[in-house]
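Enquirer:
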Amino acid sequence: MSTEDHLILNSLSVMIQTGILILLLGVSNVTAADLALGQPANMIFPCESEAALAVEGTSAGCAVTTLLTDPWWRVDLGTSYVVDVVDIIAGDNLDNEGNLNQKCGGPHTLTSSQEKSFFCTPGIKGRYVNIRIAGNNKKLAICEVSVNPNPTAQSVTFVSTLSVNLALSKSASQSSVSFDGYPVRAVDGNTDSVWSSSSCTHTNETTDPWWRADLGSSQHVSEVFIVNRVEAKFRLFNIEIRVGDSLANNGNSNPRCGGLHSMANLLKASFYCKPRKNGRYVNIRLVGSSMVLTLCEVEVYSESRGIL
1 MSTEDHLILN SLSVMIQTGI LILLLGVSNV TAADLALGQP ANMIFPCESE AALAVEGTSA
61 GCAVTTLLTD PWWRVDLGTS YVVDVVDIIA GDNLDNEGNL NQKCGGPHTL TSSQEKSFFC
121 TPGIKGRYVN IRIAGNNKKL AICEVSVNPN PTAQSVTFVS TLSVNLALSK SASQSSVSFD
181 GYPVRAVDGN TDSVWSSSSC THTNETTDPW WRADLGSSQH VSEVFIVNRV EAKFRLFNIE
241 IRVGDSLANN GNSNPRCGGL HSMANLLKAS FYCKPRKNGR YVNIRLVGSS MVLTLCEVEV
301 YSESRGIL
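Be aware that the sequence shown starts at 1, since it is given in full-length UniProt numbering, and climbs by one per residue.
1) Comparing alpha-carbon positions, which option in Pro275, Asn228, Phe234 lies nearest Arg242?
2) Our contact map puts Val221 next to Gly279 with C-beta atoms below 8 Å; I'd like the distance itself, whole angstroms only.
3) Examine the Cβ distances between the region 289 to 298 and the region 208 to 225 and report whether three or more of them are shorter than 8 Å.
4) Asp214 lies in the beta strand (DSSP E); which residues open and close that run?
5) Please state whether DSSP places Lys274 in a helix, a strand or coil.
6) Could you give the C-beta distance for Asn165 and Val300, rounded to a whole number, given that I count them as a contact under 8 Å?
7) Measuring only the C-alpha atoms, how far is residue 380 from Leu236?
8) Tell me, please, which residues DSSP counts as bridged to Leu68.
9) Could you tell me the alpha carbon to alpha carbon distance between Ile89 and Asn130, rounded to whole angstroms?
10) Where DSSP assigns a beta bridge to Lys170, which residues make up the other side?
11) Residues in the same chain with beta-carbon distance under 7 Å from Ala264, minus the five sequence neighbours each way, listed in chain order, please.
12) Is it the case that the Cβ atoms of residue 309 and Leu67 are separated by a distance below 8 Å?
13) Is Cys47 closer than 8 Å to Thr65 when the C-beta atoms are compared?
14) Rounded to whole angstroms, what's the CA-CA distance from Ser169 to Ala186? Just pull it up for me.
15) In angstroms with no decimal places, state the Cα-to-Cα distance between Lys268 and Ser199.
16) If you draw a straight line from the C-alpha of Tyr182 to the C-alpha of Arg127, how long is it?
17) Three-state secondary structure (DSSP) at Asn249?
18) Using C-beta distances below 7 Å, list every residue in its chain close to Trp195, excluding the 5 sequence neighbours before and after it, in chain order.
19) Here's the rule: buried if 16 or more other CB atoms are within 10 angstroms of the residue's CB, otherwise exposed. What is Gly244?
20) DSSP three-state call for Val184: helix, strand or coil?
21) Who does Met43 pair with in a DSSP beta bridge?
22) Alpha carbon to alpha carbon, how far is Ala51 from Ala167? Give it in angstroms, no decimals.
23) How long is the line joining the alpha carbons of Cys62 and Val55, rounded to whole angstroms?
24) Assuming contact is defined by CB atoms lying nearer than 8 Å, are Val75 and Val177 in contact in what I supplied?
25) Note down the Cα distance separating Phe179 from Ser217, rounded to an integer number of angstroms.
26) Output the boundary residues of the beta strand (DSSP E) element that contains Glu299.
27) Which residues in the same chain have their Cβ closer than 7 Å to the Cβ of Asn250, if we skip the five residues on either side of it in sequence?
28) In this structure, how does DSSP classify Gly38 when only helix, strand and coil are distinguished?
29) With a 10 Å radius around its C-beta and 16 neighbouring C-beta atoms as the bar for buried, classify Leu25 as buried or exposed.
30) Hey, would you say Ser302 sits closer than 8 Å to Gln219, going by beta carbons?
31) With DSSP as the reference, please indicate the residues paired to Ala268 in a beta bridge.
32) By Cβ distance below 6 Å, which residues in the same chain neighbour His261 in space, the five residues on each side in sequence not counted?
The structure is reproduced here in structure tokens:
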């Protein structure tokens, strides 16, 4: 893949007259705040008005279909973007007019003339944004669609393979070391979950034990993938993940990705920062007393691996 510049998207707002809504995403070179403004739009035929009315920058005119089965509308952003906020089906596929791309959330209901932003977690990458009402004898009327870049994120350049593990072979620290369970074991690229394979970390039994990876520089972080220890999965609960540039409180005061998570019954799991966090340090901490933190591998990604 050649080098491409992508923007992290934050929201897509939709004003629709009525209906149950499914959104799809498929990628633009537009740098204005509204990435959909004036972009090519299409919709199912027959229709009562033009698809372009939904991306003209005003809700005065609406793109309207006739009564149909699964009526749809689509805008081509021109190139691929990562979308965080929008209920969408996302991708680069135009099979079935783009309606087979990955769906993000939904279906959703909007009342007449309601304007609403939709949230996609994890972020989904794509060029085409589709809106569809599922069902028979449905009429789709869209008055305006806007797609907005994340105001806190910078443009990101992704080269060759996008799914780069940012934590691999980076320096790591933790609150304490027990049984030679050194912190670097979690970033050695070995996902073996058996303790005897010498690929898992281990802290003392303590209150709020933590582990931290230093990515070397501030990065966008979307996904943190964790491999648990197979013999002691039950220990990994009340997991707190934090990402930021501060080492105050050993990095444990940086912004948190979601709430408290559990892997007590899981060997492997991904956790998502919604919206993406920016930071050099990725902390994993168990909240509570008499806790032992053991991690057999930690991988960190700027984009979610499942959408690449």
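Built from N, CA and C at the ideal position, the CB exists for glycine as well. Owing to the predicted nature of the structure, the values given are computational and were not obtained by experimental measurement.
Expert: In this structure, then:
1) Pro275
2) 6 Å
3) yes
4) 210 to 227 is the span of the beta strand (DSSP E), which, as asked, contains Asp214.
5) In the structure shown, Lys274 sits in a strand (DSSP, three-state: E or B).
6) 7 Å
7) No answer is possible for residue 380: the residues shown for the chain start at 1 and end at 308.
8) Lys138
9) With a pLDDT of 33 at Ile89, under the threshold of 50, the predicted position of this residue should be treated as unreliable, and no value is reported.
10) Looking at the DSSP assignment, Lys170 forms no beta bridge with any residue, so it has no partner.
11) Non-local C-beta neighbours of Ala264 in its own chain, meaning closer than 7 Å and more than five positions away in sequence, comprise Lys233, Phe234, Leu236, Phe237, ordered along the chain.
12) What the structure shows of the chain is the stretch from 1 to 308, and residue 309 is not part of that stretch, so it cannot be assessed.
13) yes
14) In a straight line, the C-alpha of Ser169 is about 9 Å away from that of Ala186.
15) 15 Å
16) 43 Å
17) helix
18) Arg229, Glu231
19) buried
20) helix
21) Trp73
22) 44 Å
23) So the two alpha carbons sit approximately 9 Å from each other.
24) Between Val75 and Val177, the C-beta gap is not smaller than 8 Å, which leaves the two residues out of contact.
25) 31 Å
26) 297 to 301
27) Trp210, Arg212
28) coil
29) Low confidence applies here, because Leu25 scores a pLDDT of 38, under 50, leaving its location unreliable and the question unanswered by this model.
30) yes
31) Looking at the sequence shown, residue 268 is not Ala but Lys. Lys268 is bridged by DSSP to Val227.
32) Ile239, Phe271
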